[in-house]
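Residue numbers (our numbering), protein chains in the order written: chain A, 1 to 152; chain D, 153 to 941. Here's the structure we're looking at; comments come further down.
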C-alpha cells in the first residue's frame, strides 16, 4: 500500500505516493526525477546518495522515503543559487576535483555540510567530513583542496 | 611555458560543470517510454551441472514480459580474445562459479522482475570445485573447460637472450617471490545498461562500458545481427579501471529481453553482482631470480608466474603475457626468461585492471632490486640509475623506447623528497622507499586480429562558421579524455576551446577501440589532431582561392587568420560576411583582423559542409615471437616514486605520510588532468598495497562483497602527494604526448614495500600489508635476530 507524503526538496513542495519499503534515494531519483543523486551501493557504504535532510547529511539509501514526510531536503540540483554555481561547485571545477563525477554530487553535499557547520574547517575536519564519501578516481586531494579554498 | 595556446595548460574539464550540478546523465539516470526492468538469475553454486530449468512459474507472474535462457540466447561463444572465447550469454549445461548466469527476466518493474527470477526453478547436480591454483592444477582435479587440461587456460614460455649464460657471469644471484590477493576495481557506479530494439531491427544499447566498439562487435556476433544494426552509446560512466572493458552478460541479456519483448529494457548490477562478475585484478604468484654484477649491472631475470584466473578467460591471455613482457623495461636487461601460467578456478573470472598484468610483477621485481642494492651496499637509486634505459634503446623483448624520461623522473623524486638526507638516516619505525614503473601508451594491436584503424575522428564545422563539432567513438570514463580531445582539436585548428563542442562514446561516430591500455591520449589524440589539421587546411584553401594568398603563407591562431607575410585586402570578403548578417550586433568592424568564424563561413559557401577526418593505427611493432603483440606500444610512459611512511611496531599498522611521484607523460595535454591521474593511481596503489583483498568462503562465495568490508582508501587515508610532471616529448604521440592513466600505479606498491623494509628491517612478500601480516613479520624477524645472537 502506498502512502502519500509531503516533502520539500530544493524549496519545491511535493506530494509523493511512496511504498513502505521504498528508500529515499529511490524516491528522489525515480519519482522526482532528480537523478543527480547517485546510488552506488544501496547500503550506506559509498556516500554517492548523500543528500541534506533537515540540515544533516544522510545516505539517502538508508532512509525510507516515508521518514522524509514533512521534512526538507537539499539535493545536488538545489545547491546552486539564482546567481549561479555555489562557490563549492566552482572550486570543484577549478581545482580538478571532478573525474568520473559519480561521487561528485554526494561529495559536494557532504562538503557543503562541513562548511555550513563551520565556515573555517581545518584540513582534518574536511577529511573527516567527507570520509563517508568514497571516490575511486581522484585520490581525494584535489577535492580537499577545493573545499579548503572555499573555507575561510 | 610552451608555444601552445590550448594544450599544456590547466583548462577546466568540459564535463565538470554538468557533473558538479548533477546534470551529467549516467545510464541509470535515463528512462524511456514503456521501459521494462530486467533481472538476472545467477548461480548460487560454484560448480554444478544444470539438470533442468523450469521458467513456467516466472512466466505466469503478472507483469512479466519476457524470460530468456540459453534456449533463446543460443550458444555462440564470446569473450575478450577470439583465441579464448569461452563464455555464452547463459549457461546451459554447467555453472562454473557463484554468479554464473542462467536466465533473465524483464518485467514492468524491478520488484516484479526479481520476484520472477526467484520463481525460476533450476535443478543442479553439484560438482567438486577448485578455488586455488594448487587445487586446480592437481592431478585428477575437476576440469572447468575440456579444452584446457590441468585447467591451464594460457601459458607463456619466452626467453630473450641466454639467461643461463648471463647468470654464469653474475656476482650475485637473488631469488624471491611476491603474491597479492584478488582485487576489485571498486568503481562507484555499478555496471548498468538499457537495450532498445525497434521494429526496423535496429538495436541501441546504452551501457556503462569502457569499449563501445568491442561491445558493438560482440553483441552483433552473439545475437546474429549485422554490425550496422547495432549502435552502442556510452553515456557518462562512473569509473571503469578495466573491468568495464569487456562485454558482460547483462548487456547481452538486456538486448535479448528487448528483442523478445519489443520494449526498452534497463538492467543494473547491484554491488554484490559487481563482485560476482569480477573481471578485476588477478591473484599473481611471482617467483623471480635476478643476476647482477658486483658493480650493480643487471644481467638477467628468470621469472615464473601463476595466475588464479577464475572460471573464464576474459582478458587473461593478455594478462599472463603482460605479467612477463612489461619487465623488459625500463632497465637495460640483456636476458629475460619468462614462464607464465593462467589457471581456471571456480571463482568469478579475473580480467584487466589499471596497470594490466604488470602491477604485481613490477612490485615483486622492484623489491628484489632493492634487496640486491642493499646486498651490494649501493643506494637503490644509484642501482636504478646505473641500469636505466634512455630514449632510443630497445628492450630484449623488442619494446622500442622512442622516448623515456626515466632518469629525469628518478632525479625529480630523489631531489624533491630529500632522499639523500633521509635514506638510511630515519629513526626506527620510519622508512623511505622508492621504485620505478613503466607502461604502454596503448596496445600495439587490437584485441581481435585486424588491420583496422584504432581510432577515427570526424570534425565538422557548423554551417554558420565558428564552431567545430568533434565526433569520436572514444570513451570518457572519468579520465578526462573528452577534455583532452577538445583541447587537441582546438590547438590543431587554431581556435579557442569555447569554439569546440565534442561528442563521444557512440559507435555511430566512427571507429575507436575505447578506454583501455592507456591508449586514447596517444591514439585518439593523433586522429583528432589529424582531423583538426584537415579542417584548417580546407578553410585555408578556400581563403587562398578568395584572397590569392598561398596556403603556406597563412595560419589560424587563437581564432584569427594570421598572414605570415603581407596582409591582403579582406574588405570584399568581410563585406560579404556582414551582408549575410544584417541586423546582427556582433559583426566585425573593418579594422579587425579576419576571424576563423568568417573564414569558415566562406569555406562553407564555397564547398558546402566542411568535414575534416583523422585516423590512426600504429605501425607494425614488436618481435616475431609468439605473443609478441602483448606489450608492444607506439610509446611507453614511465614513472618513479618515493614513499615515506611509519610503521607502528606494536600493531603492525602502516601510516603512509608522503608520496613523491614523477611521471613522464611525454607532454601534458592538460596538466591538471595528468596530476589527477597520478594522484588517483597512487591512491589505488595505496589501497591495493595496504588493505584490498576479495575474500571467498569455502563454497566460492565472496565474503566481502560490499564497500564496507572491501576497503578502498577514504579521504582520511590519503597522504600528502607531490606530483611532478616530466615531459620527454614523445615522437610518436600527438604534440609529444603519451600515457599517464595506468602507468602511474606501477611504482606505488613496490615503493611502499621498500619503505616498509627501511622502517622495520624486514621484507614482506605477501600483499596486502595488513597490520597483522606486518606485525607477524616483525615478530618473526625479532625471533630470528634473537636466535642469531
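Note that beta-carbon positions come from the ideal geometry of N, C-alpha and C, so glycine has one too.
- Please list the residues of the stretch 614–630 of chain D that have a C-beta atom closer than 7 Å to any C-beta atom in chain A, keeping them in chain order. 629 and 630
- Query: Taking DSSP as the reference, what is the three-state secondary structure of residue 303 of chain D?
  - Reply: Position 151 of the second chain holds residue 303 of chain D. In this structure, residue 303 of chain D counts as helix in the three-state DSSP scheme.
- What is the DSSP secondary structure of residue 579 of chain D, counted as helix, strand or coil? Looking up residue 579 of chain D in the second chain gives position 427. Coil.
- Task: Measure how close the beta-carbons of residue 65 of chain A and residue 37 of chain A come, nearest whole angstrom, since I'm counting them as under 8 Å.
- Result: By 1-based counting over the first chain, the position of residue 65 of chain A is 65. By 1-based counting over the first chain, the position of residue 37 of chain A is 37. No, residue 65 of chain A and residue 37 of chain A are not in contact; Cβ-Cβ is about 13 Å, not under 8 Å.
- Task: Take residue 20 of chain A as the anchor and find which of A/68, A/81 and A/91 has the nearest alpha-carbon.
- Result: The count along the first chain starts at 1 and reaches residue 20 of chain A at position 20. Nearest C-alpha to residue 20 of chain A: A/68.
- Message: Which residues of the stretch 404–426 of chain D have a Cβ closer than 7 Å to any Cβ of chain A? Give them in chain order.
- Response: 422 and 423
- Message: Considering only their Cβ atoms, is the gap separating residue 257 of chain D from residue 584 of chain D smaller than 8 Å?
- Response: Counted from its first residue, the second chain places residue 584 of chain D at position 432. Counted from its first residue, the second chain places residue 257 of chain D at position 105. Not closer than 8 Å, so no.
- Task: Could you pull out every residue in the same chain whose Cβ sits closer than 6 Å to the Cβ of residue 368 of chain D, ignoring the five residues on either side in sequence?
- Result: What you label residue 368 of chain D is simply residue 216 of the second chain in a count that begins at 1. Hits under 6 Å: 382, 384 and 659.
- Query: Excluding five sequence neighbours on each side, which residues of the same chain lie with their C-beta closer than 6 Å to the C-beta of residue 549 of chain D?
  - Reply: Taking the first residue of the second chain as 1, we reach residue 549 of chain D at position 397. Closer than 6 Å at the Cβ level, and outside the excluded window around residue 549 of chain D, lie 312, 477 and 480.
- Item | Top-ranked residue by Cα proximity to residue 501 of chain D, from D/395, D/887, D/298 and D/742 | Counted from its first residue, the second chain places residue 501 of chain D at position 349. Of D/395, D/887, D/298 and D/742, the residue nearest in Cα terms is D/395.
- Query: Is the Cβ of residue 310 of chain D closer than 8 Å to any Cβ of chain A?
  - Reply: As a position in the second chain, residue 310 of chain D is number 158, starting the count at 1. By this cut-off, residue 310 of chain D is not an interface position.
- Item | DSSP-derived helix/strand/coil call for residue 93 of chain A | Taking the first residue of the first chain as position 1, residue 93 of chain A is located at position 93. Helix at residue 93 of chain A.
- Partner residues on chain A for residue 190 of chain D, Cβ-Cβ distance less than 9 Å: Locating residue 190 of chain D in the second chain gives position 38, counting from the first residue. Simply none; closest approach about 16 Å.
- Message: With distance defined between alpha-carbon atoms, name the residue in D/552, D/606 and D/921 nearest to residue 364 of chain D.
- Response: In the second chain, the residue the question calls residue 364 of chain D occupies position 212. Minimum Cα distance to residue 364 of chain D is reached at D/606.
- Query: Any chance the CB of residue 596 of chain D is under 7 Å from a heavy atom of the ligand MN?
  - Reply: Inclusion of the ligand MN in the displayed structure is not the case, the ligand content being empty and no account of it being possible.
- Task: Confirm, please, whether the CB-CB distance from residue 332 of chain D to residue 611 of chain D is below 8 Å.
- Result: Locating residue 611 of chain D in the second chain gives position 459, counting from the first residue. Locating residue 332 of chain D in the second chain gives position 180, counting from the first residue. Going by C-beta atoms, residue 611 of chain D is not nearer than 8 Å to residue 332 of chain D.
- Message: List, from N- to C-terminal side, the beta strand (DSSP E) runs of 3 residues or more that fit wholly inside the stretch 750–804 of chain D.
- Response: 763–768 and 788–800
- Task: Counting only the same chain and skipping the five closest in sequence on each side, list residues whose C-beta sits under 7 Å from that of residue 853 of chain D.
- Result: Taking the second chain and counting its residues from 1, one reaches residue 853 of chain D at position 701. For residue 853 of chain D, where only same-chain residues beyond five positions count, the Cβ hits under 7 Å are 250.
- Looking at the unbroken beta strand (DSSP E) that takes in residue 457 of chain D, where does it start and where does it end? Here residue 457 of chain D refers to the residue found at position 305 of the second chain. It spans 450–462 - the beta strand (DSSP E) in which residue 457 of chain D sits, taken as one unbroken run.
- Query: Does the separation of the CB atoms of residue 269 of chain D and residue 198 of chain D fall below 8 Å?
  - Reply: To locate residue 269 of chain D, count along the second chain from 1; it is residue 117. To locate residue 198 of chain D, count along the second chain from 1; it is residue 46. Going by C-beta atoms, residue 269 of chain D is not nearer than 8 Å to residue 198 of chain D.
- Query: According to the Cβ coordinates, are residue 528 of chain D and residue 324 of chain D closer than 8 Å?
  - Reply: Looking up residue 528 of chain D in the second chain gives position 376. Looking up residue 324 of chain D in the second chain gives position 172. Yes; because the gap between Cβ atoms is below 8 Å, this pair is in contact.
- Message: Determine, for residue 76 of chain A, whether the minimum Cβ-Cβ distance to residues of chain D falls below 8 Å.
- Response: Against the first chain, residue 76 of chain A aligns to sequence position 76. Yes - at least one Cβ of chain D is within 8 Å of the one on residue 76 of chain A.
- Exposed or buried, what is residue 855 of chain D when buried is set at 16 or more other beta-carbons lying within 10 Å of its beta-carbon? Within the second chain, numbered from 1, the residue matching residue 855 of chain D stands at position 703. Exposed, since its Cβ has fewer than 16 Cβ neighbours within 10 Å.
- Note the first and the last residue of the continuous alpha helix (DSSP H) segment covering residue 675 of chain D. What you label residue 675 of chain D is simply residue 523 of the second chain in a count that begins at 1. Its alpha helix (DSSP H) spans residues 672–699.
- Query: In chain D, what lies closer than 8 Å to residue 4 of chain A by C-beta?
  - Reply: To locate residue 4 of chain A, count along the first chain from 1; it is residue 4. Within 8 Å Cβ-Cβ: nothing; residue 4 of chain A doesn't reach chain D, min ~19 Å.
- Buried versus exposed call for residue 83 of chain A [16 or more other C-beta atoms within 10 Å across all chains shown]: Residue 83 of chain A sits at position 83 when you count from the first residue of the first chain. Exposed.
- Query: Between the stretch 300–308 of chain D and the stretch 485–496 of chain D, do three or more beta carbon pairs fall short of 8 Å?
  - Reply: yes
- Query: For residue 193 of chain D versus residue 272 of chain D, is the C-beta spacing smaller than 8 Å?
  - Reply: Position 41 of the second chain holds residue 193 of chain D. Position 120 of the second chain holds residue 272 of chain D. It is a contact, given that the beta carbons lie within the stated cut-off.
- Best match in D/750, D/824 and D/303 for proximity to residue 159 of chain D [C-alpha to C-alpha]: As a working mapping, residue 159 of chain D is identified with position 7 in the second chain. Out of D/750, D/824 and D/303, D/824 has the C-alpha closest to the C-alpha of residue 159 of chain D.
- Query: Going by Cα to Cα distance, which pick from D/935, D/914 and D/898 is closest to residue 517 of chain D?
  - Reply: One-based indexing of the second chain puts residue 517 of chain D at position 365. Comparing Cα positions, the closest option is D/898.
- Query: Are residue 788 of chain D and residue 472 of chain D touching if we call contact CB-CB under 8 Å?
  - Reply: Sequence index remark: in the second chain, residue 788 of chain D carries index 636 (1-based). Sequence index remark: in the second chain, residue 472 of chain D carries index 320 (1-based). Cβ atoms of residue 788 of chain D and residue 472 of chain D: not closer than 8 Å.
- For residue 309 of chain D, three-class secondary structure by DSSP: Within the second chain, numbered from 1, the residue matching residue 309 of chain D stands at position 157. Reduced to three states, the DSSP call for residue 309 of chain D is strand.
- Within 8 Å (strictly less), CB to CB, does residue 876 of chain D reach chain A? Position 724 of the second chain, counting from 1, holds the residue named residue 876 of chain D. With 8 Å as the cut-off, residue 876 of chain D does not count as an interface residue toward chain A.
- Under 8 Å between the Cβ atoms of residue 543 of chain D and residue 556 of chain D? One-based indexing of the second chain puts residue 543 of chain D at position 391. One-based indexing of the second chain puts residue 556 of chain D at position 404. Yes, the Cβ-Cβ distance between residue 543 of chain D and residue 556 of chain D is below 8 Å.
- Given a cut-off of 8 Å, decide if residue 201 of chain D and residue 276 of chain D are closer than it, judged by their beta-carbon atoms. Within the second chain, numbered from 1, the residue matching residue 276 of chain D stands at position 124. Within the second chain, numbered from 1, the residue matching residue 201 of chain D stands at position 49. Taking 8 Å as the Cβ cut-off, residue 276 of chain D and residue 201 of chain D qualify as a contacting pair.
- Inspect the beta-carbon positions of residue 766 of chain D and residue 889 of chain D and report whether they are closer than 8 Å. The residue given as residue 766 of chain D occupies position 614 in the second chain. The residue given as residue 889 of chain D occupies position 737 in the second chain. Not in contact: residue 766 of chain D and residue 889 of chain D (Cβ atoms no closer than 8 Å).
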